[in-house]
Amino acid sequence: MKITTLLTVALCSVTVTALAQNEEGIKLDVLRAPVSPASNLLGIATTDIDKPTDVSAFMLSLQSASSSFAKLPSNYAVDISPYYLFTKKRGDFTTNGLQSTKYEDIFKQTFIISAAIRNPDEAETNLNVNNTYAGLGLKFSILRGEYDDTTKTKLDKIIGLQKKMTDDLAKTVREWITRNDPEYAALVVQRQQLFTNRTGLTPQQVINSDQYKSLERQISEKLQNFTDQQTAQVRQEIFAEIKQTAATFQTSRVGLSWDINGGVSGEFIDKRFNRSRVYNAGVWTNFGYTTKDGIALLALARYLHNPNQIFALDNQPNKIGNINTLDGGLRLAYSRPQSKFSASAEGIYRSVLSSNTIDPSWRMVFNADYAIFQNQKLTFSFGRNFDGTVSKDGNLIAALTFLAGFGNNR
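Using mature numbering (1 follows the signal peptide of the UniProt record, and there is no 0), the letters of the sequence shown map in sequence onto residues -20 to -1, 1 to 390.
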């Protein structure tokens, strides 16, 4: 009861904190299908073997079987990154900073807290449709690879534009006047020609000449007449270019990657918070290698503890006991950098550590997703599932889901 009460409080606090992060800023297209530890425990994730990726300061994913979207779906997952949330001014968000190979930097930049809630429908075979399920999890990376060339180029471009809008604003203003004010541009050309055509004169003598001083005075007057409104226009043009670059920007890493995940979930009987119990808990790891072409081969090792599960043995009545499982599997994924389409196929074998409970089982799933708009993806999954942790035959699952991300401003 204490654990599930803690889950309830944590879910509420995480959700409120997440909504508070939705402030104005550069919106990056960083939506990922919800493969966080909490959603994985509750079966919201469309894949079990997550490809380790960077996280935004906040990702709120909605997953619903309804096509109406008239109200907030009852199944959702949220991931929070404390580093991006609390260290906006002190954190190093440059390309070099996010490529650090120091373990302490990798840990704090990839550490996330995840929460999820699920209200199963009548089509669900593994969860009780009369109950509500909630999960809380943690995730961090030990290895994460390095940014690919496209990611580095776009990051450097965004950083350069931000520098133009702050540190180099005076230089940016001069460049803007040169492009937009023909008289100013002509004065600058005339001043330069004084040095080009300085026959018999030293550069200092040109600077001391009346003609140079006259041109310099006219140029200075042009700059002084540059109003605050025009300065704001320059800033707005730079900001628009940053937004345009960010709209098609997705961080992609290549090389070795290794994630550690863990979590616990609770079951609220008859959807009442005063009647609850632990549903399951587990710890798992994803590791693998991603090529520059966007092909990744990843592996999974996972331990799950399922307390007080109901199962049946041959010629014996149903029993209640703890079921412990150990999963191992592989995933082949294709996700070309900055592409709208990605796909993967995975196979997992589940061995049962608890004796005289259930038989081993396996899962094989194909996943695909396509970005239809910024931060909106259509995902498709098809395959054979474990059929939960109870003694039932495997069932065929197929899901077509629309994901919408909110609040992932950076």
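C-beta: ideal position from N, C-alpha, C; glycine also.
This one's a predicted model, so the numbers in the text were calculated from it and none came from an experiment.
Original post:
With 16 other CB atoms within 10 Å as the buried threshold, where does D30 fall?
Top reply: Unreliable placement is indicated for D30, whose pLDDT of 48 sits below 50; the coordinate value is still reported in the next sentence. That one is buried.
Original post:
Is there contact between the stretch 160 to 169 and the stretch 276 to 284, where contact requires at least three CB pairs shorter than 8 angstroms?
Top reply: The answer is no - the stretch 276 to 284 does not touch the stretch 160 to 169, with fewer than three Cβ pairs under 8 angstroms.
**OP:** Give me the Cα-Cα distance between R215 and K132, rounded to the nearest whole angstrom.
**Re:** For R215 and K132, the distance between alpha carbons rounds to 24 angstroms.
Original post:
Can you name the start and end residues of the beta strand (DSSP E) that T270 belongs to?
Top reply: T270 -> beta strand (DSSP E) spans S256 to T270.
Original post:
For V169, does the count of other Cβ atoms within 10 angstroms reach 16, so buried, or fall short, so exposed?
Top reply: Exposed, by the Cβ-count rule.
Original post:
How should Q289 be labelled, buried or exposed, when 16 other C-beta atoms within 10 angstroms of its C-beta is the threshold for buried?
Top reply: In summary, Q289 is buried, with 16 or more beta-carbon neighbours lying within 10 Å of its beta-carbon over all protein chains present.
**OP:** May I have the straight-line CA-CA distance separating L11 from L167, to the nearest angstrom?
**Re:** Caution is warranted here: a pLDDT of 39 is assigned to L11, below 50, making its placement in the model unreliable, and the coordinate value is therefore given only provisionally. L167 has its alpha-carbon roughly 49 angstroms from the corresponding atom of L11.
Original post:
What first and last residue would you give for the beta strand (DSSP E) that runs through E326?
Top reply: Its beta strand (DSSP E) spans residues F321 to V332.
Original post:
Okay, do the stretch 235 to 255 and the stretch 109 to 127 touch, 3+ Cβ pairs below 8 angstroms being the bar?
Top reply: Enough Cβ pairs lie closer than 8 angstroms, so yes.
Original post:
Taking the alpha-carbon positions, what's the D307 to G140 distance?
Top reply: One alpha carbon belongs to D307, the other to G140, and they sit about 46 angstroms apart.
**OP:** Confirm, please, whether the CB-CB distance from V263 to N241 is below 8 angstroms.
**Re:** Contact: yes.
**OP:** Please state if the CB of L123 and the CB of S237 are separated by a distance shorter than 8 angstroms.
**Re:** Yes. Within cutoff.
Original post:
With 16 as the cutoff for other CB atoms within 10 Å, does T231 come out buried or exposed?
Top reply: Buried, since its Cβ has 16 or more Cβ neighbours within 10 Å.
Original post:
Taking DSSP as the reference, what is the three-state secondary structure of S232?
Top reply: Here S232 carries a coil assignment [DSSP, helix/strand/coil].
**OP:** Could you check the C-alpha separation between N188 and W156 for me, to the nearest Å?
**Re:** Between N188 and W156, the C-alpha separation is close to 28 angstroms.
Subject >> Helix, strand or coil at I240 [DSSP, three-state] >> reply: I240: strand per DSSP, three-state reduction.
Subject >> Start-to-end residues for the alpha helix (DSSP H) that takes in F87 >> reply: First-last of the alpha helix (DSSP H) with F87: Y83 to T90.
Original post:
Taking the runs of the alpha helix (DSSP H) that are 4 residues or longer, which of them lie wholly in the stretch 114 to 158?
Top reply: Given a length threshold of 4 residues, each whole run of the alpha helix (DSSP H) inside the stretch 114 to 158 is given here in chain order: 129 to 145.
Original post:
Taking all protein chains shown into account, do 16 or more other C-beta atoms lie within 10 angstroms of the C-beta of S47, making it buried, or fewer, making it exposed?
Top reply: Residue confidence for S47 is low, a pLDDT of 36 falling below 50, so the modelled location carries little weight and cannot support an answer.
**OP:** State the start and end residues of the unbroken alpha helix (DSSP H) segment that holds R171.
**Re:** DSSP places R171 inside the alpha helix (DSSP H), whose first and last residues are P162 to T176.
Original post:
Given residue 392, which residues of its chain have a CB within under 7 angstroms of its CB, disregarding the five upstream and five downstream residues?
Top reply: The question about residue 392 has no answer, for the chain in this structure spans -20 to 390.
**OP:** Count the other CB atoms, across all protein chains shown, that sit within 10 Å of the CB of M39; report buried if there are 16 or more and exposed otherwise.
**Re:** For M39, the predicted model reports a pLDDT of 38, less than 50, meaning its position is unreliable; a value from the coordinates is still stated below. Buried is the call here.
Subject >> Closest by C-alpha distance to Y314, when choosing among T90, N347, I218 and T130 >> reply: Of the listed residues, the one whose Cα sits closest to Y314 is N347.
Original post:
With 8 angstroms set as the bound, which would you pick, yes or no: does the beta-carbon of Q170 sit closer than that to a beta-carbon of chain C?
Top reply: The structure shown contains no chain C, having only a single protein chain.
Subject >> Coil, strand or helix - R252 by DSSP >> reply: Coil, per DSSP.
Original post:
Around the C-beta of E326, are 16 or more other C-beta atoms found within 10 angstroms, so that it is buried, or is it exposed?
Top reply: With 16 or more neighbouring CB atoms inside 10 Å of its own CB, E326 falls in the buried class.
Original post:
Start and end of the alpha helix (DSSP H) containing D190?
Top reply: Where D190 is concerned, the enclosing alpha helix (DSSP H) stretches over D190 to Q204.
Subject >> Identified DSSP bridge partners for residue 466 >> reply: For the chain, the structure presents residues -20 to 390; residue 466 sits outside this window and is missing.
Original post:
Below 8 angstroms between beta carbons: does that hold for D128 and S94?
Top reply: No; because the gap between Cβ atoms is not below 8 angstroms, this pair is not in contact.
Original post:
Does DSSP put S361 in a helix, in a strand, or in coil?
Top reply: Residue state for S361 is assigned as strand, using DSSP reduced to three classes.
**OP:** Note down the Cα distance separating L118 from I303, rounded to an integer number of angstroms.
**Re:** Going by the C-alpha atoms only, they are around 22 angstroms apart.
Original post:
First and last residue of the alpha helix (DSSP H) that includes F66?
Top reply: It spans P62 to F66 - the alpha helix (DSSP H) in which F66 sits, taken as one unbroken run.
Original post:
Which residues mark the beginning and the end of the alpha helix (DSSP H) in which S19 is found?
Top reply: Looking at the DSSP string, the run of the alpha helix (DSSP H) that includes S19 is P17 to L21.
Subject >> Top-ranked residue by Cα proximity to Y164, from L195, F120 and M145 >> reply: Ranking L195, F120 and M145 by Cα distance to Y164 puts L195 first.
Subject >> Close-in-space but distant-in-sequence residues of the same chain around F175 (CB under 8 angstroms, 5 per side omitted) >> reply: Correct list, in chain order: P183 and V186.
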